[in-house]
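Please read the structure below before turning to the comments.
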Amino acid sequence: MSAHLPILQVVVPLLAAPFCLFLKRGRMAWGLAVFASWAALAIALALLGQVTQEGVLSYAIGDWVPPIGIEYRVDIVNAWVLVIVSGIGAVVAPYSMASIEREVEAGRIPLFYAAYLLCLSGLLGITITGDMFNVFVFLEISSLSAYALIALGQARRALTSAFRYLIMGSVGATFIVIGIGLLYVMTGSLNMADLAQLLPEVWDSRTVKVAYGFLAVGFCLKLALFPLHLWLPNAYTYAPSAVTAFMASTATKVAVYMLLRFFLTVFGAPFSFDVMALDRVLLPLALVAIASMSLVAIFQVNVKRLLAYSSVAQIGYMILGLSFATVTGLTATLLHLFNHALMKGALFMAMGCVMYRIGSVHINAVAGLGRRMPWTMAAFVAGGLSLVGVPLTVGFVSKWYLILGALERGWWWAAILVLLTSLLALVYIWRVVEVAYFRDFPGDEATREAPWTLLGPTWALVALNLYFGIDAGRTVGIARQAAEVLMAGIGP
Amino acid sequence: MSLDLLVSHYNYWVVIFLMMVGFYILISRGNLIKKVVGLNVFQTSVFMLYISMGKVNGGTPPILIYGETDVLYSNPLPHVLILTAIVVGIATTSVGLALAVRIKEAYGTIEEDEINAIEARTEATG
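As you go down the protein sequences, you meet chains A and B in turn.
Heads up: the first sequence at position 481 corresponds to 481 in my numbering, and the numbers run straight through without jumps.
Position in the second sequence counted from 1, then plus 492, gives you my numbering.
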């Protein structure tokens with residue numbers, strides 16, 4: 001049984017998805033979704049345990065030996081990302097029951113859970129597979145279900161944002177297929193580990209460099225790196241709250257993982273940094289993303305859109321870590337992958353609670369909620385402090401390693417920029433907090449705190465924000481180990 | 493650039509032409525259906541890229557002939573990959589068209605500039 005964990009990681013949510021359609025009642029479909037997502041988390045944790053003890057796991061699907069067959073390959077890097085994705089999936093699934101019943105028509109609820117599980121299995125599949133074309137297939141599974149999930153939003157603008165995401169996402173995915181095809185032409189292999197051995201021989205070929213370019217643009221579209229982020233703010237703003245919480249914490253993280261996996265494991269760090277100058281290309285984009293998107297976030301009146309722009313800025317931090325081209329920088333990237341999932345998940349889930357009671361996430365809608373919904377707003381404040389990077393939260397840990405990475409390179413200006421933009425984060429979070437705590441509640445006296453089915457998962461994430469902020473040893477240890485594996489590569 | 497390069501790589505020129513046509517439609521047209529069509533042409537060019545690179549000069553279709561050992565087959569793997577990609581393309585197209593139908597129901601139009609105008613107006617009035 002434990003030998004088959006890599007394939008079960010994907011197959012369990014994938015098979016549970018169509019069953020959700022057969023269960024006509026929304027609550028039953030919800031039960032199945034919760035079960036499948038918790039099973040996925042359990043498998044991911046077991047895989048992480050196995051990998052830390054035994055090293056790299058390789059699973060040959062259908063016993064076709066790699067590189068001929070499709071290989072699922074789990075090392076410390078993707079075991080870590082699997083835990084992030086399935087963990088968020090397992091927290092959002094219980095949360096979605098009340099939230100989705102409020103925001104989606106009853107007849108569509110089983111469809112929602114089917115799409116949710118498909119999206120989850122797609123993201124897990126991208127992460128676990130060791131085959132390039134398999135990455136594309138899972139990428140499309142997760143993207144197509146994501147378009148459907150976003151289109152379920154109440155406002156009609158959910159439809160136009162889903163359409164826009166579909167166009168940009170498909171272009172990104174097609175760019176990735178072009179890149180994969182060109183690599184296949186040059187090497188005749190699709191297996192990542194095999195490619196890492198074969199590619200150094202053809203480094204000089206222009207085809208490989210063109211493939212690299214296509215892949216870079218495709219990944220940057222998918223991970224919403226400035227200026228390719230245009231699909232993201234609307235998609236996050238108009239999607240149902242549970243979908244936003246799930247997507248914001250997983251989809252872009254998996255795209256960052258794809259970028260790391262292809263450019264550091266398949267092509268190898270020497271090719272990416274010395275030949276293709278990836279660090280020098282990404283550095284200015286990351287800096288502009290952090291500074292400009294944090295500024296844009298300050299002027300938003302819709303809190304979900306504010307957090308969405310903040311997400312684009314936070315992706316900038318992850319890419320900034322990568323562009324240091326050092327183990328410390330990469331550690332910061334991998335740490336922030338986990339930490340940002342925790343903080344943005346908590347923030348978007350708190351806004352989902354507001355949406356549930358007030359029916360709006362406009363900044364005026366949170367007026368006076370500090371007293372009316374104390375637990376919800378306390379969760380928002382805690383998540384916000386983590387986003388700013390206050391000590392004792394996970395945000396501090398990420399920023400600390402980011403600044404360490406910057407100073408290690410002697411780039412003190414990058415360290416100062418990280419500190420200054422943290423102040424910008426304080427400004428936009430404070431705007432919401434000020435309205436929530438220092439204005440009177442204008443609405444109905446009967447408005448109560450959100451139900452515990454929403455608050456429970458939200459506070460679970462808040463608690464993790466604090467726990468891993470105080471006891472960062474384990475997360476930093478795994479992230480550093482993963483960063484070392486990525487930088488070392490598996491090439492000859 | 494010699495004529496030789498142009499002729500010997502003609503499949504790539506076809507692919508690049510199709511790719512640019514599709515991409516241009518995607519960017520320049522405001523009609524959502526036309527955007528989906530552009531996306532389709534764009535994706536089809538990639539299918540042709542894969543299929544043409546699997547062709548081996550003088551190779552037969554990759555169907556096993558019993559009893560004959562030294563037969564030159566074309567590479568079947570790109571075909572298989574593209575079969576998957578075609579399915580993905582169909583799924584993308586159908587989701588795109590379904591969204592276009594829903595947008596038409598909600599906005600009464602599928603022209604991007606008109607949709608933007610409606611959205612700007614509703615934003616202004618609250």
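In this text, a Cβ means the ideal position worked out from N, Cα and C, and glycines have one as well.
- Of the residues Leu-48/A, Ala-17/A and Ile-100/A, the one placed nearest Arg-357/A, counting alpha carbons only: On the first sequence, residue 357/A is found 357 positions in, with the first residue counted as 1. If we check each option's Cα against that of Arg-357/A, Ile-100/A comes out closest.
- Put Ala-60/A into one of helix, strand or coil per three-state DSSP. Position 60 of the first sequence holds residue 60/A. Strand at Ala-60/A.
- Message: Which residues in chain A have a C-beta closer than 7 Å to the C-beta of Ala-598/B? List them in chain order.
- Response: Taking the second sequence and counting its residues from 1, the one referred to as residue 598/B is at position 106. Near Ala-598/B (Cβ distances below 7 Å), the residues of chain A are Arg-156 and Leu-159.
- List the residues that DSSP assigns as beta-bridge partners of Thr-552/B. Here residue 552/B refers to the residue found at position 60 of the second sequence. For Thr-552/B, which the question treats as bridged, DSSP gives the partners Tyr-565/B.
- Task: May I ask you to verify whether the region 433-446 of chain A touches the region 361-372 of chain A, counting CB pairs closer than 8 Å and requiring at least 3?
- Result: yes
- With distances taken Cα to Cα, identify the nearest neighbour of Tyr-116/A among Phe-246/A, Pro-451/A and Gly-410/A. To locate residue 116/A, count along the first sequence from 1; it is residue 116. For the residues Phe-246/A, Pro-451/A and Gly-410/A, the minimum Cα distance to Tyr-116/A belongs to Phe-246/A.
- CA-CA distance, Leu-41/A and Ser-142/A? In the first sequence, the residue the question calls residue 41/A occupies position 41. In the first sequence, the residue the question calls residue 142/A occupies position 142. If you take the alpha carbons of Leu-41/A and Ser-142/A, they lie about 18 Å apart.
- Query: By a C-beta neighbour count over all protein chains shown, 10 Å radius and 16 as the cutoff for buried, is Ala-106/A buried or exposed?
  - Reply: On the first sequence, position 106 is the one that residue 106/A refers to. Exposed: under 16 other Cβ atoms inside 10 Å.
- Item | Any chain A beta carbon closer than 8 Å to Met-540/B | Locating residue 540/B in the second sequence gives position 48, where the first residue counts as 1. So, not an interface residue.
- Nearest-angstrom Cβ-Cβ length linking Gly-130/A and Tyr-212/A, presumed shorter than 8 Å: What you label residue 130/A is simply residue 130 of the first sequence in a count that begins at 1. What you label residue 212/A is simply residue 212 of the first sequence in a count that begins at 1. Contact doesn't hold; Cβ gap of about 19 Å is too wide.
- the region 124-154 of chain A: which residues have C-beta closer than 7 Å to a C-beta of chain B, in chain order? Phe-133, Val-137, Glu-140, Leu-144, Tyr-147, Ala-148 and Ala-151
- Task: If I'm right that Leu-14/A touches Ser-121/A with Cβ under 8 Å, what's the distance once you round it to whole angstroms?
- Result: Indexing the first sequence from 1 puts residue 14/A at position 14. Indexing the first sequence from 1 puts residue 121/A at position 121. Separation of the CB atoms of Leu-14/A and Ser-121/A is rounded to 4 Å, and the pair is thereby assigned contact status at 8 Å.
- Would you please verify whether the beta carbon of Ile-76/A is less than 8 Å from any beta carbon of chain B? Translated into the one-based positions of the first sequence, residue 76/A becomes position 76. So no, Ile-76/A is outside the interface.
- Pick helix, strand or coil for Thr-174/A, following the three-state DSSP scheme. By one-based count along the first sequence, residue 174/A stands at place 174. In the structure shown, Thr-174/A sits in a helix (DSSP, three-state: H, G or I).
- Query: Could you give the distance in angstroms between the alpha-carbon of Leu-282/A and the alpha-carbon of Trp-412/A?
  - Reply: For the purposes of this step, residue 282/A is taken as residue 282 along the first sequence, with counting starting at 1. For the purposes of this step, residue 412/A is taken as residue 412 along the first sequence, with counting starting at 1. If you take the alpha carbons of Leu-282/A and Trp-412/A, they lie about 18 Å apart.
- Query: Hey, how far is the Cα of Asp-444/A from the Cα of Ile-128/A?
  - Reply: Mapped onto the first sequence, residue 444/A falls at position 444. Mapped onto the first sequence, residue 128/A falls at position 128. CA-to-CA, the gap between Asp-444/A and Ile-128/A works out to about 49 Å.
- Task: Could you name the residues of the same chain whose beta carbon sits closer than 6 Å to that of Pro-451/A, not counting the 5 residues immediately before and after it, in chain order?
- Result: Residue 451/A sits at position 451 when you count from the first residue of the first sequence. Excluding residues within five positions, the ones whose Cβ falls inside 6 Å are Ala-98.
- Message: For Thr-250/A and Asp-605/B, what's the separation of their Cα atoms in angstroms?
- Response: Within the first sequence, the letter at position 250 stands for residue 250/A. Within the second sequence, the letter at position 113 stands for residue 605/B. About 32 Å.
- Query: Taking the Cβ atom as the reference point for each residue, do Tyr-95/A and Val-587/B lie within a distance shorter than 8 Å?
  - Reply: Within the first sequence, residue 95/A is the residue found at index 95, counting from 1. Within the second sequence, residue 587/B is the residue found at index 95, counting from 1. Contact flag unset, no.
- CB contact below 8 Å: Arg-613/B versus chain A: Start at 1 with the first residue of the second sequence, and residue 613/B comes out as number 121. Not an interface residue.
- Measuring only between beta-carbons, confirm whether Lys-527/B sits less than 8 Å from chain A. If you number the second sequence from 1, residue 527/B lands on position 35. Yes, Lys-527/B lies at the interface with chain A (some Cβ there is under 8 Å from its Cβ).
- Looking only at DSSP bridge pairs, what is Glu-597/B linked to? As a working mapping, residue 597/B is identified with position 105 in the second sequence. Answer is none; Glu-597/B lacks a bridge partner.
- Task: Consult DSSP for Glu-71/A and reduce its assignment to one of helix, strand or coil.
- Result: On the first sequence, residue 71/A is found 71 positions in, with the first residue counted as 1. Of the three classes helix, strand and coil, the one that applies to Glu-71/A here is strand, per DSSP.
- Query: Taking Cβ positions, are Leu-221/A and Gly-172/A nearer each other than 8 Å?
  - Reply: Within the first sequence, the letter at position 221 stands for residue 221/A. Within the first sequence, the letter at position 172 stands for residue 172/A. Taking 8 Å as the Cβ cut-off, Leu-221/A and Gly-172/A qualify as a contacting pair.
- Message: For a quick check, are the C-beta atoms of Leu-215/A and Leu-486/A less than 8 Å apart?
- Response: Taking the first sequence and counting its residues from 1, one reaches residue 215/A at position 215. Taking the first sequence and counting its residues from 1, one reaches residue 486/A at position 486. Cβ distance not < 8 Å, so Leu-215/A and Leu-486/A don't count as in contact.
- Just the chain A side, please: which residues come within less than 8 Å of Phe-509/B by C-beta, in chain order? Walking along the second sequence from the start, residue 509/B turns up at place 17. Going along chain A, no residue has its Cβ under 8 Å from Phe-509/B, so there is no contact; the nearest lies around 15 Å.
- Query: Cβ atoms of Leu-342/A and Asn-465/A: under 8 Å apart, would you say?
  - Reply: Walking along the first sequence from the start, residue 465/A turns up at place 465. Walking along the first sequence from the start, residue 342/A turns up at place 342. Yes.
- Item | Burial state of Val-137/A (16 or more Cβ within 10 Å) | For the purposes of this step, residue 137/A is taken as the residue at position 137 of the first sequence. Val-137/A is buried by the Cβ-count criterion.
- Task: On the DSSP bridge assignment, give the partners of Asn-191/A in chain order.
- Result: In the first sequence, counting from the first residue as 1, residue 191/A sits at position 191. Looking at the DSSP assignment, Asn-191/A forms a beta bridge with Asp-131/A.
- Task: Please compile the residues from chain B whose C-beta is within a distance smaller than 7 Å of the C-beta of Val-202/A.
- Result: Taking the first residue of the first sequence as position 1, residue 202/A is located at position 202. Result: empty, since nearest Cβ-Cβ is about 15 Å, beyond 7 Å.
- Consider the Cβ of Ser-170/A: report whether some Cβ of chain B lies at a distance smaller than 8 Å. Against the first sequence, residue 170/A aligns to sequence position 170. Judged by the 8 Å Cβ criterion, Ser-170/A is in contact with chain B.
- Query: So which residues of chain A does Ile-607/B contact, with C-beta pairs closer than 8 Å?
  - Reply: Here residue 607/B refers to the residue found at position 115 when the second sequence is read from its first residue. Simply Thr-160.
- Message: Measuring only the C-alpha atoms, how far is Asn-503/B from Leu-541/B?
- Response: For this step, residue 503/B is matched to residue 11 along the second sequence. For this step, residue 541/B is matched to residue 49 along the second sequence. For Asn-503/B and Leu-541/B, the distance between alpha carbons rounds to 8 Å.
- Query: According to a CB-to-CB cut-off of less than 7 Å, which residues of the region 177-192 of chain A neighbour chain B?
  - Reply: Residues Val-177, Ile-178, Gly-181 and Val-185.
- Item | Pairwise C-alpha distance: Thr-561/B and Val-256/A | Locating residue 256/A in the first sequence gives position 256, counting from the first residue. Locating residue 561/B in the second sequence gives position 69, counting from the first residue. Cα to Cα, the separation comes out at about 47 Å.
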